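K.L.:
Pasting a structure below so you can have a look.
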Amino acid sequence: MASVGCSASGVIHYNFLDPSGAITEEKYCYEIDKMHQELQRLRPVLVNRKGPILFYDNVPPHVSQMTPKKLDQLGCETLRHAVYSPDLSPTDYHFFKHLDNFLQEKDSRIMLPQ
19 MASVGCSASG VIHYNFLDPS GAITEEKYCY EIDKMHQELQ RLRPVLVNRK GPILFYDNVP
79 PHVSQMTPKK LDQLGCETLR HAVYSPDLSP TDYHFFKHLD NFLQEKDSRI MLPQ
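Residues are numbered in the working numbering as their position in the sequence shown, beginning at 1, plus a constant of 18.
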C-alpha cells in the first residue's frame, strides 16, 4: 500500500506502507505531516500563500476525527468531493497518470511487489 501526496506538477511525497498493518489515524496524520514538510521544501509558494489546498477522499468511514484537526492545524484549505458521488473523484483519473509517470522514472530504484 502506498501513501502519496501530489500537486498539479507531480508527486510531492510518497511512502510505501506495511501491507499487513492497519492505517490508523496517527499513521495517516504522520503522512499528512510528511507531505506538508515536503510541500514546504519543494513548493513553498503553495504553502506560504494562504495555506495549501487539499483535495482528499472525505467519505465518512474514511475520515477520523483527527484528520480535519490536523489539516486545520497545518492551515490547509480542503476541497471535498461530494460524498458518495457517482462521479469519479479527480484523483481516480488525474492522480494515477502522474503516479504511473513518476514510477516509470524511478523503476530502476523501486521494486514493487508482484
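Yeah, the Cβ is synthetic: ideal placement off N, Cα and C, and Gly gets one too.
The structure presented is a predicted model; accordingly, all values stated were derived computationally and were not measured.
(1) Is the distance from the Cβ of Leu92 to the Cβ of His54 below 7 Å?
(2) Going by the beta-carbon positions, is the gap between Glu43 and Met84 smaller than 7 Å?
(3) If you run the structure through DSSP and keep just helix, strand and coil, what is Gln132?
(4) For Gly23, tell me which candidate among Asp36, Pro37, Arg61 has the shortest Cα-Cα distance.
(5) Taking a contact to mean a Cβ-Cβ separation below 7 Å, would you say Leu35 touches Ser21 in this structure?
(6) Among Met19, Pro37, Glu95, which residue has its Cα nearest to the Cα of Arg67?
(7) Beta-carbon within less than 8 Å of Pro86's beta-carbon, same chain only, minus the 5 sequence neighbours each way: which residues are those?
(8) In this structure, how does DSSP classify Gly24 when only helix, strand and coil are distinguished?
(9) Measuring CA to CA, which of Cys47, Ala40, Pro37, Phe114 is closest to Leu89?
(10) Determine the DSSP secondary structure at Ile41, reduced to helix, strand or coil.
(11) Could you check where the alpha helix (DSSP H) with Asp36 kicks off and where it finishes?
P.N.:
So, from the data block:
(1) By one-based count along the sequence shown, residue 92 stands at place 74. By one-based count along the sequence shown, residue 54 stands at place 36. Against a cut-off of 7 Å, the Cβ pair of His54 and Leu92 comes out as a contact.
(2) Indexing the sequence shown from 1 puts residue 43 at position 25. Indexing the sequence shown from 1 puts residue 84 at position 66. It is a contact, given that the beta carbons lie within the stated cut-off.
(3) Taking the first residue of the sequence shown as position 1, residue 132 is located at position 114. Any answer about Gln132 is weak, because its pLDDT of 49 lies below 50 and its placement is not dependable; what the coordinates show is given next. Collapsing the DSSP output to three states places Gln132 in coil.
(4) Within the sequence shown, numbered from 1, the residue matching residue 23 stands at position 5. When only C-alpha atoms are compared, the closest one is Arg61.
(5) In the sequence shown, residue 35 corresponds to position 17, counting from 1. In the sequence shown, residue 21 corresponds to position 3, counting from 1. In contact: Leu35 and Ser21 (Cβ atoms closer than 7 Å).
(6) Taking the sequence shown and counting its residues from 1, one reaches residue 67 at position 49. It is Glu95 whose Cα lies nearest to the Cα of Arg67.
(7) The count along the sequence shown starts at 1 and reaches residue 86 at position 68. For Pro86, where only same-chain residues beyond five positions count, the Cβ hits under 8 Å are Thr96.
(8) For this step, residue 24 is matched to residue 6 along the sequence shown. According to the sequence displayed, residue 24 carries Cys and not Gly. Here Cys24 sits in strand by DSSP.
(9) The count along the sequence shown starts at 1 and reaches residue 89 at position 71. Minimum Cα distance to Leu89 is reached at Cys47.
(10) The residue labelled residue 41 in the question sits at position 23 within the sequence shown. Note: Ile41 maps to coil in three-state DSSP.
(11) Mapped onto the sequence shown, residue 36 falls at position 18. Note, Asp36: premise wrong, no alpha helix (DSSP H); not H, not E.
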